[in-house]
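Undergrad: Here's a structure for you.
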Amino acid sequence: MDSNTLNAKSVLRLALLINMLSVGTLMMVMPLGPDLVRDIGLQGEHIGYISGGATFGSAIIGFLLAPVLDRYDRRAALTLFLLLRSVLIALCGLATTPEQLLLLFIAAGCFSGPLSGLIMASVLDVTKIAERGRAMAFVASGFSLAAIIIVPASLLLAQWLNWQMTFFFFGGLGLILAGAVRICMPSLVPPSQTSAQPLTQSDGLSGMIRSMPFILAMAMMGISLFGHFLLVPNLSAYFQFNLGFPRDEISYLYLLGGIMSILAMRYSGRMMDKGSGQAALFGLSAIVAAVVYYGFVSDSSDKWVYLIFMVLMASSSARSAVLAAFTSRVPPPQYRAAFMTYQSTVSNLAAGAASIMGSVYLTSGPGHQLFGLDTLATATMVSAIAVPLLVCWFIPSLKQAQVSQQAPG
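Just so you know, we're using our numbering here: the sequence shown kicks off at -14 and counts up by one.
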């Protein structure tokens, strides 16, 4: 096995672990919401403010730093952002009021945008286009592993000890992972550092941002995440307070949902690399719309929570992996970190707006039941249908842009 293959494997594995920890620490706040309601007086309908505020902070910092991220060694930048984020996650365990927790968690979230952009840029640096579907699916499986490992572990820690221990524990894991990045990850100097034309970076970056493939890529990712996060922050509360799902089975629910997501992403990644990504996207979007209708819009009195959650998580995760593989074809090598950070910014803005919109729109009853989720679910269905339609515009637009770049003069 040559050094390039070893470097690629180490980057992909570290990217998976970072993604899993980053997503997991964001995800765990949502199912811990009922514990926070009981312990520090957080209002049930305000759970979305925590995740929404963190994603907004990530979007703002990511937008500000995106133009400069391609100037630095990816390993050094990843180590720095991971250290800062992990310390702040650990400090969340010291919060005694909803306001303190909100402030610390948003501060930690501010580093997630640049961290995500650097992770995905590193993956693009070491993978070929023909293998990108599987690589994206592998790294994106960190989302599912977070559901399988981190969310159940956080719920068990909160159940056996207290919710504060979850933040101490996963903040400490982040510090260990930062050390692993520094020791095990190869140095990845972005191509712009060795370019003979450094003065063209600003014009080239602005040109990419103004291009139609860039605009469509951001639109697709934003719409997809907006629809997803209209529901996700409220799933645990809805299942427990509206459908009477047992609190002690929530960890098993996330475990099974994560396993299904990994299987779905592996299959969709292979379809993408075989040239069937567009068909996969249409099929997965249809499944998302169907399960959302059954779980949150229909009047069925006997809803199977395990089926709703597993199918929703599997189809949504696989769809996101396919979409990420499509959009990864937009940036040239010297602007990969910038593109991925802008994409993370748009995703975080969409997710944050959806989380906060859901918190503002929803109301709760005396037993903490949520009212109004059927309306949000309808919007999620519309977004699911819109994404594959935009891909029909994106693919020819990207091909035209690539032909124009290769044309002489």
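Just so it is clear, CB atoms sit at the ideal spot from N, CA and C, and this is done for glycine as well.
On a predicted model such as this, the values are computed, not experimentally measured, just so you know.
Can you tell me whether DSSP reads Pro393 as helix, strand or coil?
TA: As a first step, residue 393 must be located in the sequence shown, where it is residue number 408. For Pro393, the predicted model reports a pLDDT of 48, less than 50, meaning its position is unreliable; a value from the coordinates is still stated below. It is coil, neither helix nor strand.
Undergrad: Is the beta carbon of Ser382 sitting closer than 8 Å to the one on Ile247?
TA: Within the sequence shown, residue 382 is the residue found at index 397, counting from 1. Within the sequence shown, residue 247 is the residue found at index 262, counting from 1. No, these two residues do not count as a Cβ contact at 8 Å.
Undergrad: Nearest by alpha-carbon distance to Ser7: which of Phe48, Ile35, Ser71 is it?
TA: Start at 1 with the first residue of the sequence shown, and residue 7 comes out as number 22. Per the Cα distances, Ser71.
Undergrad: Is the Cβ-Cβ distance between Ala138 and Val315 less than 8 Å?
TA: Here the question's residue 138 lines up with position 153 in the sequence shown. Here the question's residue 315 lines up with position 330 in the sequence shown. No, these two residues do not count as a Cβ contact at 8 Å.
Undergrad: Do Met398 and Ala386 have their C-beta atoms closer together than 8 Å?
TA: Any answer about residue 398 is impossible in this case: the structure gives the chain only from -14 up to 394.
Undergrad: Could you tell me whether the Cβ atoms of Val108 and Leu220 are closer together than 8 Å?
TA: Position 123 of the sequence shown holds residue 108. Position 235 of the sequence shown holds residue 220. The answer is no: Cβ separation not under 8 Å.
Undergrad: Can you have a look at Thr330 and say buried or exposed, based on whether 16 or more other CB atoms are within 10 angstroms of its CB?
TA: For the purposes of this step, residue 330 is taken as the residue at position 345 of the sequence shown. Buried, because 16 or more other Cβ atoms sit within 10 Å of the Cβ of Thr330.
Undergrad: Quick one, are the C-beta atoms of Leu334 and Tyr346 less than 8 Å apart?
TA: On the sequence shown, position 349 is the one that residue 334 refers to. On the sequence shown, position 361 is the one that residue 346 refers to. Going by C-beta atoms, Leu334 is not nearer than 8 Å to Tyr346.
Undergrad: Given this structure, state the Cα-to-Cα distance separating Val136 from Met5, to the nearest angstrom.
TA: One-based indexing of the sequence shown puts residue 136 at position 151. One-based indexing of the sequence shown puts residue 5 at position 20. Approximately 10 Å between the Cα atoms of the pair.
Undergrad: Can you confirm whether Ala265, when its beta carbon is compared against all beta carbons of chain D, has any partner nearer than 8 Å?
TA: Absent from the structure is chain D; it holds one protein chain and no more.
Undergrad: With C-beta atoms as the reference, is Tyr278 less than 8 Å away from Met366?
TA: On the sequence shown, residue 278 is found 293 positions in, with the first residue counted as 1. On the sequence shown, residue 366 is found 381 positions in, with the first residue counted as 1. Closer than 8 Å, so yes.
Undergrad: Does DSSP put Phe356 in a helix, in a strand, or in coil?
TA: Taking the sequence shown and counting its residues from 1, the one referred to as residue 356 is at position 371. Looking at Phe356 - three-state DSSP - the assignment turns out to be strand.
Undergrad: To the nearest angstrom, how far is it from the Cα of Leu88 to the Cα of Lys259?
TA: Along the sequence shown, read from residue 1 onward, the residue named residue 88 stands at position 103. Along the sequence shown, read from residue 1 onward, the residue named residue 259 stands at position 274. Looking at the two C-alpha atoms, the distance is approximately 45 Å.
Undergrad: Distance, Cα to Cα, Thr64 vs Asp58?
TA: Along the sequence shown, one-based indexing puts residue 64 at 79. Along the sequence shown, one-based indexing puts residue 58 at 73. Approximately 10 Å, taken between the alpha carbons.
Undergrad: Evaluate Ala339 with the Cβ neighbour count: other Cβ atoms within 10 Å of its Cβ, from every protein chain shown; 16 or more gives buried, anything less gives exposed.
TA: By one-based count along the sequence shown, residue 339 stands at place 354. With 16 or more Cβ atoms within 10 Å of its Cβ, Ala339 is classed as buried.
Undergrad: Report yes or no: do three or more beta-carbon pairs, one from the segment 49 to 57 and one from the segment 316 to 325, lie closer than 8 Å?
TA: Flag = yes, the segment 49 to 57 and the segment 316 to 325 touch.
Undergrad: Rounding to the nearest angstrom, what Cα-Cα distance links Gly38 and Pro218 in this structure?
TA: Residue mapping note: residue 38 aligns to position 53 of the sequence shown, counting from 1. Residue mapping note: residue 218 aligns to position 233 of the sequence shown, counting from 1. Roughly 12 Å between the two C-alpha positions.
Undergrad: Between which two residues does the alpha helix (DSSP H) holding Ile341 run?
TA: Reading the sequence shown from its first residue, position 356 is the one you call residue 341. Per DSSP, Ile341 belongs to the alpha helix (DSSP H) from 321 to 346.
Undergrad: If contact is defined by three or more beta carbon pairs under 8 Å, each pair taking one atom from either stretch, is the segment 151 to 164 in contact with the segment 285 to 294?
TA: With a cut-off of 8 Å, the segment 151 to 164 and the segment 285 to 294 do not count as touching, because too few Cβ pairs lie within range.
Undergrad: Measure the C-alpha to C-alpha separation of Ser187 and Asp287 and round it to an integer number of angstroms.
TA: As a first step, residue 187 is located in the sequence shown; it is residue number 202 there, counting from the start. As a first step, residue 287 is located in the sequence shown; it is residue number 302 there, counting from the start. Reliability of the predicted coordinates at Ser187 is poor, the pLDDT of 42 falling under 50, and the value obtained from them is presented with this limitation in mind. Going by the C-alpha atoms only, they are around 57 Å apart.
Undergrad: Go to Ser312, then tell me how far its alpha helix (DSSP H) extends in each direction, as first and last residue.
TA: Counting from 1 along the sequence shown, the entry for residue 312 is found at position 327. For clarity, residue 312 is Thr in the given sequence; the question names Ser instead. Element bounds for Thr312: 290 to 312.
Undergrad: Hey, out of Ser302, Ser285, Val273, Ser261, whose CA is closest to Ala249's CA?
TA: Taking the sequence shown and counting its residues from 1, one reaches residue 249 at position 264. The shortest C-alpha separation from Ala249 is found at Ser302.
Undergrad: Out of Ile208, Leu17, Ala222, which one is the CA nearest neighbour of Gly350?
TA: Against the sequence shown, residue 350 aligns to sequence position 365. The option with the nearest alpha carbon to Gly350 is Ala222.
Undergrad: Measuring only the C-alpha atoms, how far is Ala299 from Ala61?
TA: For this step, residue 299 is matched to residue 314 along the sequence shown. For this step, residue 61 is matched to residue 76 along the sequence shown. Computed Cα separation, rounded: 34 Å.
Undergrad: Ser349 bridges to which residues according to DSSP?
TA: As a working note, residue 349 is residue 364 in the sequence shown. In DSSP, Ser349 forms a bridge with Leu355.
Undergrad: Relative to the alpha-carbon of Leu308, which residue among Thr82, Ser209, Ala0, Val22 has its alpha-carbon at the smallest distance?
TA: Sequence index remark: in the sequence shown, residue 308 carries index 323 (1-based). For Leu308, the nearest C-alpha among the options comes from Ser209.
Undergrad: Any idea if Val388 is buried or exposed, counting beta-carbon neighbours within 10 angstroms, 16 or more meaning buried?
TA: Taking the sequence shown and counting its residues from 1, the one referred to as residue 388 is at position 403. Result: exposed.
Undergrad: Using the three-state DSSP reduction, which class does Gly260 fall into: helix, strand or coil?
TA: Looking up residue 260 in the sequence shown gives position 275. Coil.
Undergrad: Might you give, ordered along the chain, the residues of its own chain that have their beta carbon closer than 6 Å to the beta carbon of Thr40, omitting 5 neighbours on each side?
TA: Taking the sequence shown and counting its residues from 1, the one referred to as residue 40 is at position 55. Answer for Thr40: Asn333, Ala336, Gly337, listed in chain order.
Undergrad: What span of residues does the alpha helix (DSSP H) with Val174 cover, start to end?
TA: Sequence index remark: in the sequence shown, residue 174 carries index 189 (1-based). Segment: none, Val174 is in no alpha helix (DSSP H) and carries neither H nor E.
Undergrad: Let me make sure I understand the geometry here. Which of Met256, Ser313, Asp284, Gly242 has the alpha-carbon closest to that of Met295?
TA: In the sequence shown, counting from the first residue as 1, residue 295 sits at position 310. With distances taken between Cα atoms, Met295 lies closest to Gly242.
Undergrad: Give me, in chain order, the residues of the same chain whose beta-carbon lies closer than 7 Å to that of Leu162; leave out the 5 immediate sequence neighbours on both sides.
TA: The residue you call residue 162 lines up with position 177 of the sequence shown. Once the five neighbours on either side are set aside, the close Cβ partners of Leu162 are Leu2, Ile3, Leu6, Leu67.
Undergrad: Can you list, in chain order, the residues of its chain whose CB lies under 6 Å from that of Thr112, leaving out five sequence neighbours each side?
TA: The residue labelled residue 112 in the question sits at position 127 within the sequence shown. Excluding residues within five positions, the ones whose Cβ falls inside 6 Å are Ala120.
Undergrad: Measure the beta-carbon distance from Gly118 to Gly262 and round it to whole angstroms, keeping in mind my assumption that it falls under 8 Å.
TA: For the purposes of this step, residue 118 is taken as residue 133 along the sequence shown, with counting starting at 1. For the purposes of this step, residue 262 is taken as residue 277 along the sequence shown, with counting starting at 1. About 7 Å separates the two Cβ atoms, so the contact holds.
Undergrad: Identify which residue in Tyr34, Trp148, Gln144, Ser285 has its Cα closest to the Cα of Ala80.
TA: Mapped onto the sequence shown, residue 80 falls at position 95. For the residues Tyr34, Trp148, Gln144, Ser285, the minimum Cα distance to Ala80 belongs to Trp148.
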